[in-house]
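4 protein chains.
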Amino acid sequence: MTAAMMTPGKTAGQVRLAGRPRSSACRQAILRAAYELLSESGLRNFTIEGVAARSGVARSTIYRWWPTKGALAIEGFLEATASHITFPHTSSAKADLKVQMRLVAKMLRGGAGRILCGIIAEGQSDPETIAAFAVGYLTPRRRECAAILRRGIDNREFRADLDIPTVQSALYSPLHLRLLLREPIDDPWVENLAETVLRGCLAGD
Amino acid sequence: MTAAMMTPGKTAGQVRLAGRPRSSACRQAILRAAYELLSESGLRNFTIEGVAARSGVARSTIYRWWPTKGALAIEGFLEATASHITFPHTSSAKADLKVQMRLVAKMLRGGAGRILCGIIAEGQSDPETIAAFAVGYLTPRRRECAAILRRGIDNREFRADLDIPTVQSALYSPLHLRLLLREPIDDPWVENLAETVLRGCLAGD
Amino acid sequence: MTAAMMTPGKTAGQVRLAGRPRSSACRQAILRAAYELLSESGLRNFTIEGVAARSGVARSTIYRWWPTKGALAIEGFLEATASHITFPHTSSAKADLKVQMRLVAKMLRGGAGRILCGIIAEGQSDPETIAAFAVGYLTPRRRECAAILRRGIDNREFRADLDIPTVQSALYSPLHLRLLLREPIDDPWVENLAETVLRGCLAGD
Amino acid sequence: MTAAMMTPGKTAGQVRLAGRPRSSACRQAILRAAYELLSESGLRNFTIEGVAARSGVARSTIYRWWPTKGALAIEGFLEATASHITFPHTSSAKADLKVQMRLVAKMLRGGAGRILCGIIAEGQSDPETIAAFAVGYLTPRRRECAAILRRGIDNREFRADLDIPTVQSALYSPLHLRLLLREPIDDPWVENLAETVLRGCLAGD
DNA sequence: CGTTAACCGAGACGGTACGTCCTGTCTTCGA
DNA sequence: TCGAAGACAGGACGTACCGTCTCGGTTAACG
Numbered sequence: 012m013t014a015a016m017m018t019p020g021k022t023a024g025q026v027r028l029a030g031r032p033r034s035s036a037c038r039q040a041i042l043r044a045a046y047e048l049l050s051e052s053g054l055r056n057f058t059i060e061g062v063a064a065r066s067g068v069a070r071s072t073i074y075r076w077w078p079t080k081g082a083l084a085i086e087g088f089l090e091a092t093a094s095h096i097t098f099p100h101t102s103s104a105k106a107d108l109k110v111q112m113r114l115v116a117k118m119l120r121g122g123a124g125r126i127l128c129g130i131i132a133e134g135q136s137d138p139e140t141i142a143a144f145a146v147g148y149l150t151p152r153r154r155e156c157a158a159i160l161r162r163g164i165d166n167r168e169f170r171a172d173l174d175i176p177t178v179q180s181a182l183y184s185p186l187h188l189r190l191l192l193r194e195p196i197d198d199p200w201v202e203n204l205a206e207t208v209l210r211g212c213l214a215g216d
Numbered sequence: 012m013t014a015a016m017m018t019p020g021k022t023a024g025q026v027r028l029a030g031r032p033r034s035s036a037c038r039q040a041i042l043r044a045a046y047e048l049l050s051e052s053g054l055r056n057f058t059i060e061g062v063a064a065r066s067g068v069a070r071s072t073i074y075r076w077w078p079t080k081g082a083l084a085i086e087g088f089l090e091a092t093a094s095h096i097t098f099p100h101t102s103s104a105k106a107d108l109k110v111q112m113r114l115v116a117k118m119l120r121g122g123a124g125r126i127l128c129g130i131i132a133e134g135q136s137d138p139e140t141i142a143a144f145a146v147g148y149l150t151p152r153r154r155e156c157a158a159i160l161r162r163g164i165d166n167r168e169f170r171a172d173l174d175i176p177t178v179q180s181a182l183y184s185p186l187h188l189r190l191l192l193r194e195p196i197d198d199p200w201v202e203n204l205a206e207t208v209l210r211g212c213l214a215g216d
Numbered sequence: 012m013t014a015a016m017m018t019p020g021k022t023a024g025q026v027r028l029a030g031r032p033r034s035s036a037c038r039q040a041i042l043r044a045a046y047e048l049l050s051e052s053g054l055r056n057f058t059i060e061g062v063a064a065r066s067g068v069a070r071s072t073i074y075r076w077w078p079t080k081g082a083l084a085i086e087g088f089l090e091a092t093a094s095h096i097t098f099p100h101t102s103s104a105k106a107d108l109k110v111q112m113r114l115v116a117k118m119l120r121g122g123a124g125r126i127l128c129g130i131i132a133e134g135q136s137d138p139e140t141i142a143a144f145a146v147g148y149l150t151p152r153r154r155e156c157a158a159i160l161r162r163g164i165d166n167r168e169f170r171a172d173l174d175i176p177t178v179q180s181a182l183y184s185p186l187h188l189r190l191l192l193r194e195p196i197d198d199p200w201v202e203n204l205a206e207t208v209l210r211g212c213l214a215g216d
Numbered sequence: 012m013t014a015a016m017m018t019p020g021k022t023a024g025q026v027r028l029a030g031r032p033r034s035s036a037c038r039q040a041i042l043r044a045a046y047e048l049l050s051e052s053g054l055r056n057f058t059i060e061g062v063a064a065r066s067g068v069a070r071s072t073i074y075r076w077w078p079t080k081g082a083l084a085i086e087g088f089l090e091a092t093a094s095h096i097t098f099p100h101t102s103s104a105k106a107d108l109k110v111q112m113r114l115v116a117k118m119l120r121g122g123a124g125r126i127l128c129g130i131i132a133e134g135q136s137d138p139e140t141i142a143a144f145a146v147g148y149l150t151p152r153r154r155e156c157a158a159i160l161r162r163g164i165d166n167r168e169f170r171a172d173l174d175i176p177t178v179q180s181a182l183y184s185p186l187h188l189r190l191l192l193r194e195p196i197d198d199p200w201v202e203n204l205a206e207t208v209l210r211g212c213l214a215g216d
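Encoded structure:
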């Protein structure tokens with residue numbers, strides 16, 4: 012019965028970390044720099060070297076923790092936008108969706124939009140990035156949106172035979188594609204889109 | 012030393028070109044190589060050097076004619092897809108749209124889809140590319156689509172107050188975004204999307 | 012005895028010239044431009060393209076007549092400096108040499124000096140240039156100088172056993188080397204050099 | 012993030028270098044390749060790319076350490092010729108100079124001569140190269156030569172009023188200029204030159 | 001006085017090398 | 001073990017010239 016060498020006073024079961032622990036200041040600085048660079052000047056100047064320079068961190072430190080630029084961009088994006096977009100929750104599912112779409116549109120018009128573009132662009136030459144983006148961003152948002160739609164169906168606000176993923180696509184894809192194509196995403200347009208798509212979703216025809 | 016005397020009144024409209032004429036064999040070889048490289052391995056290996064190597068043309072010749080990789084990609088794309096996607100023309104606008112969406116989906120599943128992704132990605136760091144893509148591809152397609160929708164309205168097949176650009180977005184954006192996100196675009200899904208969106212567009216509610 | 016086929020009535024031995032004759036305006040413009048470019052900014056910007064641009068002549072015209080940049084530089088140099096340096100002719104050979112050295116020094120301090128440097132530099136990667144320079148410039152000058160030295164010997168001003176080429180080298184090489192090394196070549200220094208070298212050449216020890 | 016704390020009072024004079032140290036194998040390989048290329052085929056094929064290829068080193072590594080081709084050539088030259096030319100030291104200054112001149116002539120006839128030409132040629136379009144060459148090669152040699160001349164004066168072998176730099180020029184410039192003009196530098200000629208110039212330098216006229 | 005051969009301007013083309021920027025890996029030191 | 005610093009191999013960039021080539025238009029001497 013060899014007693015496990017434990018750092019005295021440490022909470023047992025905790026994985027023993029040898030050597031110098033990871034600096035969280037570094038991590039923050041890097042993600043922050045990545046976010047800023049992307050939102051300021053897009054992909055063109057989004058470079059590991061640039062991030063290192065702006066954050067004052069060594070290049071190798073970045074490589075140690077993020078396998079690709081895409082991963083870095085995504086983590087910076089998520090860190091910054093986490094829970095900025097909260098789904099509302101009123102009695103009308105349709106109203107909730109509209110509010111939510113306007114929130115998304117607002118976000119996309121800002122720095123986060125440029126980053127989202129960068130991530131998708133980067134993903135075109137790196138499937139991992141797309142996958143990570145799906146896991147970290149798309150899927151959660153879709154789940155939340157699906158919940159509202161399902162509520163609307165339960166409400167009898169929406170048709171019972173609604174194909175939820177398809178409606179989601181019809182509602183949100185135009186926003187993102189316009190962003191990618193550098194076309195404006197103003198609120199009246201969003202309102203119009205929501206009305207157009209949701210008209211076919213309402214129950215009681 | 013000798014001033015090139017402009018012969019006025021010569022074959023009107025026909026520009027007189029001095030110097031050795033541009034080699035169309037070169038142009039073809041380059042565009043072809045660009046198309047192939049993009050559709051085979053995406054943006055990652057789409058490189059001016061690579062295009063030069065594959066086409067057997069000097070790098071400087073490429074730079075002479077295309078200012079950016081984006082311009083090259085677009086021209087290769089247009090050259091290859093020109094009039095591959097023709098809008099059908101039957102009595103039912105709705106049916107026409109569905110057929111057309113299936114055609115687009117088919118194209119996007121092939122090499123042209125990867126190129127389209129490449130162009131959009133490239134465009135994220137070069138607005139010119141996006142602009143050229145809009146002029147050369149988006150706008151013409153949108154015009155054709157709008158014609159069908161307008162016909163549907165005239166037919167009384169669709170509601171009279173339809174906002175055409177919005178419907179276009181709702182119909183086609185999901186296709187393109189799924190492509191960019193590497194999600195499958197199979198025919199049933201397309202069918203479903205068309206039905207979902209068009210349901211709200213039909214006249215006679 | 013086969014009669015040579017001759018253009019009847021032409022001065023025998025004259026080559027028959029068909030077609031448009033060479034434009035001497037072109038030739039002048041090119042040589043002038045070459046000279047100017049070289050004397051203004053040295054070898055660095057001495058470029059066939061540059062000469063063509065400055066002279067307003069097509070690049071191919073230059074290539075037609077001059078095989079290398081070196082040949083062009085030399086011809087420009089000779090055209091411009093031809094008989095600018097005349098050997099004086101007084102009673103004292105020593106005095107003549109000193110005057111002459113000062114003239115050479117003066118020329119080397121000006122634009123022609125920079126060109127001479129350019130020619131020698133160019134010659135390091137093209138033996139033809141060196142050869143042409145020797146034929147067109149060095150040899151004639153050496154002949155003139157040798158004449159003076161020979162006169163000095165005949166005069167009994169100089170020792171009878173003088174090795175003329177060696178004395179020439181000792182007198183003129185330092186001037187050229189200083190030029191190449193960007194060291195100043197002022198008149199007192201030249202005077203000093205002449206005295207130092209010629210002291211050992213005088214007769215009557 | 013962590014500031015590099017200067018450890019004061021550490022091994023004085025010894026600079027503390029952060030990061031991976033420079034590879035001396037690289038440096039050697041590069042200089043060797045540069046020397047070889049220059050001595051084999053002169054300036055014509057002396058190219059950063061060529062040096063990189065022959066030395067098996069990345070082009071960027073060369074650019075990191077040498078600002079210009081000239082600097083590279085000079086360092087290669089100095090590395091190879093360092094202390095190959097030692098000034099002799101006997102009782103007769105005149106004899107010492109003659110021996111020394113023959114040594115220089117011998118060196119100039121070999122690969123080092125071609126390199127010297129390359130350096131001077133390169134220097135014609137880059138003053139820095141000339142300057143570096145003066146500092147690294149000319150000045151030290153001149154100092155050594157001046158010492159002998161001064162000794163000869165102290166000896167009463169040479170005239171007391173000798174202008175040392177001028178004599179140096181008269182002795183050594185012809186050697187270098189002949190090299191640049193691709194004229195042979197054989198020992199009898201050198202002997203002759205030395206005699207001719209030094210005759211006017213001897214004391215006791 | 002029309003031929004006609006060489007000239008000239010213009011510019012495309014295949015190339016070579018440049019010098020820069022960034023990538024991803026590595027090596028060393030200090031914390 | 002982490003992080004800073006920075007060397008290194010390597011790949012692509014976009015530029016500048018090179019030397020060759022193909023055109024069309026010009027022009028002086030010949031027939």
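Heads up: the protein sequence lines correspond to chains E, A, R and V, in order. Quick note: the first sequence, position 34, residue 45 per my numbering, numbers continuous. Quick note: the second sequence, position 157, residue 168 per my numbering, numbers continuous. Quick note: the third sequence, position 133, residue 144 per my numbering, numbers continuous. Quick note: the fourth sequence, position 46, residue 57 per my numbering, numbers continuous. No residue lacks a Cβ here, since even glycine has one placed at the ideal position from N, Cα and C.
Task: Selection from R:Asp137, R:Ser102 and R:Val208 that minimises the alpha carbon distance to Pro176 of chain V - done: Translated into positions along the fourth sequence, residue 176 of chain V becomes position 165. Nearest option by C-alpha distance: R:Val208.
TODO: Note down, in chain order, every chain E residue with its Cβ under 7 Å from the Cβ of Cys128 of chain A.
DONE: Indexing the second sequence from 1 puts residue 128 of chain A at position 117. Under a criterion of Cβ atoms nearer than 7 Å, the residues of chain E adjacent to Cys128 of chain A are, in order, Gln135.
TODO: Determine the extent of the alpha helix (DSSP H) in which Ala64 of chain R is found, giving its start and end residues.
DONE: Numbered from its first residue, the third sequence carries residue 64 of chain R at position 53. Ile59 to Ser66 is the span of the alpha helix (DSSP H), which, as asked, contains Ala64 of chain R.
Open item on the list: Restricting to Cα atoms, I'd like to know which of E:Met112, E:Arg161 and E:Pro151 is closest to Asp197 of chain E.
Closed with: Within the first sequence, the letter at position 186 stands for residue 197 of chain E. The option with the nearest alpha carbon to Asp197 of chain E is E:Met112.
Open item on the list: On the criterion of 16 or more Cβ atoms from any shown chain inside 10 Å, does Arg189 of chain V qualify as buried, or is it exposed?
Closed with: Within the fourth sequence, numbered from 1, the residue matching residue 189 of chain V stands at position 178. Of the other Cβ atoms in all chains shown, 16 or more fall within 10 Å of the Cβ of Arg189 of chain V; this residue is therefore buried.
- [ ] Go ahead and pull the three-state DSSP assignment for Leu49 of chain V.
- [x] Counted from its first residue, the fourth sequence places residue 49 of chain V at position 38. Three-state result, Leu49 of chain V: helix.
Open item on the list: I'd like the span of the alpha helix (DSSP H) that includes Trp200 of chain R, first residue to last.
Closed with: Residue 200 of chain R sits at position 189 when you count from the first residue of the third sequence. Asp198 to Arg210 is the span of the alpha helix (DSSP H), which, as asked, contains Trp200 of chain R.
TODO: Going by CA-CA distance only, name the one from A:Ala142, A:Arg152, A:Asp107 and A:Leu191 that's closest to Thr92 of chain A.
DONE: For this step, residue 92 of chain A is matched to residue 81 along the second sequence. Nearest C-alpha to Thr92 of chain A among A:Ala142, A:Arg152, A:Asp107 and A:Leu191: A:Arg152.
Task: chain A residues whose Cβ lies nearer than 8 Å to that of Leu114 of chain E - done: Residue 114 of chain E sits at position 103 when you count from the first residue of the first sequence. The premise fails here: Leu114 of chain E is roughly 19 Å from chain A at the closest Cβ pair, so nothing lies under 8 Å.
- [ ] Return the CA-CA distance between Thr79 of chain R and Phe169 of chain V, expressed in angstroms with no decimal places.
- [x] As a position in the third sequence, residue 79 of chain R is number 68, starting the count at 1. As a position in the fourth sequence, residue 169 of chain V is number 158, starting the count at 1. Spanning the two alpha carbons is a distance of roughly 48 Å.
Open item on the list: Measuring straight from C-alpha to C-alpha, what distance separates Leu49 of chain R and Leu119 of chain E?
Closed with: Stepping through the third sequence from its first residue, residue 49 of chain R is reached at position 38. Stepping through the first sequence from its first residue, residue 119 of chain E is reached at position 108. Their backbone Cα atoms lie some 58 Å apart in a straight line.
Task: Backbone CA spacing between Asp137 of chain A and Glu133 of chain E [nearest angstrom] - done: Residue numbering aside, residue 137 of chain A sits at position 126 when the second sequence is read from its first letter. Residue numbering aside, residue 133 of chain E sits at position 122 when the first sequence is read from its first letter. Using only the alpha carbons, I get a separation of about 14 Å.
Task: Backbone secondary structure at Leu191 of chain R - three-state DSSP - done: In the third sequence, counting from the first residue as 1, residue 191 of chain R sits at position 180. Note: Leu191 of chain R maps to helix in three-state DSSP.
Task: Nearest-angstrom Cα separation, counted from Ala106 of chain A out to Ile38 of chain A - done: For the purposes of this step, residue 38 of chain A is taken as residue 27 along the second sequence, with counting starting at 1. For the purposes of this step, residue 106 of chain A is taken as residue 95 along the second sequence, with counting starting at 1. Reading off the sequence shown, one finds Arg at residue 38 of chain A, where the question assumed Ile. Across the structure, Arg38 of chain A and Ala106 of chain A are spaced so that their CA atoms are roughly 39 Å apart.
Open item on the list: Does any residue of chain V have a CB that is nearer than 9 Å to the CB of Ile59 of chain R?
Closed with: Here residue 59 of chain R refers to the residue found at position 48 when the third sequence is read from its first residue. Judged by the 9 Å Cβ criterion, Ile59 of chain R is not in contact with chain V.
- [ ] On the DSSP bridge assignment, give the partners of Phe169 of chain A in chain order.
- [x] Reading the second sequence from its first residue, position 158 is the one you call residue 169 of chain A. Under the DSSP definition of a beta bridge, Phe169 of chain A partners with A:Leu213.
Open item on the list: So for Ser180 of chain R, helix, strand or coil by DSSP?
Closed with: The sequence position of residue 180 of chain R within the third sequence is 169, counting from 1. The answer is helix: DSSP assigns Ser180 of chain R an H, G or I state.
Task: Through-space distance from Arg167 of chain E to Thr150 of chain A, alpha-carbon basis - done: The count along the second sequence starts at 1 and reaches residue 150 of chain A at position 139. The count along the first sequence starts at 1 and reaches residue 167 of chain E at position 156. Inter-residue distance for Thr150 of chain A and Arg167 of chain E is about 39 Å (C-alpha atoms, whole angstroms).
Task: Whole-angstrom C-beta distance between Arg65 of chain E and Glu47 of chain E, which should lie under 8 Å - done: For the purposes of this step, residue 47 of chain E is taken as residue 36 along the first sequence, with counting starting at 1. For the purposes of this step, residue 65 of chain E is taken as residue 54 along the first sequence, with counting starting at 1. Distance from Glu47 of chain E to Arg65 of chain E at the Cβ level is roughly 7 Å; contact confirmed, criterion being Cβ atoms closer than 8 Å.
- [ ] Name, please, each residue of chain V whose Cβ falls closer than 7 Å to the Cβ of Ala171 of chain R.
- [x] Walking along the third sequence from the start, residue 171 of chain R turns up at place 160. Close to Ala171 of chain R, with beta-carbon spacing below 7 Å, lies no residue of chain V; the smallest spacing is near 14 Å.
Open item on the list: Could you tell me the alpha carbon to alpha carbon distance between Gln179 of chain A and Gly67 of chain E, rounded to whole angstroms?
Closed with: Walking along the second sequence from the start, residue 179 of chain A turns up at place 168. Walking along the first sequence from the start, residue 67 of chain E turns up at place 56. Their Cα atoms are separated by approximately 47 Å.
Open item on the list: Determine whether the beta carbon atoms of Leu191 of chain R and Cys128 of chain R lie at a separation below 9 Å.
Closed with: Numbered from its first residue, the third sequence carries residue 191 of chain R at position 180. Numbered from its first residue, the third sequence carries residue 128 of chain R at position 117. Yes, they are a contact pair.
Open item on the list: Strictly below 9 Å CB to CB, what residues from chain R border Gly121 of chain V?
Closed with: Counted from its first residue, the fourth sequence places residue 121 of chain V at position 110. Correct list: empty, because the minimum Cβ distance to chain R is about 16 Å.
Open item on the list: For Ser103 of chain E and Ile141 of chain E, I'd like the C-alpha separation in whole angstroms.
Closed with: In the first sequence, the residue the question calls residue 103 of chain E occupies position 92. In the first sequence, the residue the question calls residue 141 of chain E occupies position 130. Looking at the two C-alpha atoms, the distance is approximately 33 Å.
- [ ] Would you kindly check if the distance between the Cβ of Ala145 of chain V and the Cβ of Gly81 of chain V is under 9 Å?
- [x] Within the fourth sequence, residue 81 of chain V is the residue found at index 70, counting from 1. Within the fourth sequence, residue 145 of chain V is the residue found at index 134, counting from 1. Cβ atoms of Gly81 of chain V and Ala145 of chain V: not closer than 9 Å.
Task: Other residues of its chain near Gly53 of chain V: CB distance less than 8 Å, five sequence neighbours each side excluded - done: Sequence index remark: in the fourth sequence, residue 53 of chain V carries index 42 (1-based). Around Gly53 of chain V: Arg125, Cys128 and Gly129.
- [ ] Identify each residue in the region 80-99 of chain V for which the Cβ-Cβ distance to at least one residue of chain R is less than 7 Å, and report them in chain order.
- [x] Taking 7 Å as the Cβ-Cβ cut-off against chain R, none of the residues of the region 80-99 of chain V qualify.
Task: Ile73 of chain R to Ala44 of chain R span [Cα, whole Å] - done: In the third sequence, the residue the question calls residue 73 of chain R occupies position 62. In the third sequence, the residue the question calls residue 44 of chain R occupies position 33. Between Ile73 of chain R and Ala44 of chain R, the C-alpha separation is close to 11 Å.
Open item on the list: Considering Cα atoms alone, identify which of E:Ile159, E:Leu114 and E:Arg75 is closest to His100 of chain E.
Closed with: Here residue 100 of chain E corresponds to residue number 89 of the first sequence, with the count starting at 1. Measuring from the Cα of His100 of chain E, the nearest candidate turns out to be E:Ile159.
Task: Neighbour list for Arg145 of chain A in chain E, Cβ cutoff strictly below 8 Å - done: Translated into the one-based positions of the second sequence, residue 145 of chain A becomes position 134. Note on residue identity: the sequence assigns Ala, not Arg, to residue 145 of chain A. Leu192, listed in chain order.
TODO: Tell me whether Arg33 of chain A sits in a helix, a strand or coil according to DSSP, three-state version.
DONE: Working through the second sequence from its first residue, we reach residue 33 of chain A at position 22. In this structure, Arg33 of chain A counts as coil in the three-state DSSP scheme.
Open item on the list: How far does the alpha helix (DSSP H) with Tyr148 of chain R in it extend, from its first residue to its last?
Closed with: Locating residue 148 of chain R in the third sequence gives position 137, counting from the first residue. No alpha helix (DSSP H) contains Tyr148 of chain R, which DSSP labels as neither H nor E.
- [ ] Using a Cβ cut-off of 9 Å (strictly closer), state whether Lys21 of chain E contacts chain A.
- [x] As a first step, residue 21 of chain E must be located in the first sequence, where it is residue number 10. Per-residue confidence for Lys21 of chain E stands at a pLDDT of 40, beneath the threshold of 50, marking its modelled position as unreliable; the derived number appears in the next sentence. The Cβ of Lys21 of chain E sits no closer than 9 Å to any Cβ of chain A.
TODO: Could you name the residues of the same chain whose beta carbon sits closer than 7 Å to that of Gly147 of chain V, not counting the 5 residues immediately before and after it, in chain order?
DONE: Locating residue 147 of chain V in the fourth sequence gives position 136, where the first residue counts as 1. Closer than 7 Å at Cβ, skipping near neighbours: Ile85 and Leu89.
Task: Whole-number beta carbon distance between Ala181 of chain E and Ala181 of chain A, since they are thought to touch under 8 Å - done: In the second sequence, residue 181 of chain A corresponds to position 170, counting from 1. In the first sequence, residue 181 of chain E corresponds to position 170, counting from 1. The pair is a contact, with the Cβ atoms about 5 Å apart (cut-off 8 Å).
TODO: Check Thr140 of chain A in the structure and name its three-state DSSP category.
DONE: The residue given as residue 140 of chain A occupies position 129 in the second sequence. Thr140 of chain A: helix per DSSP, three-state reduction.
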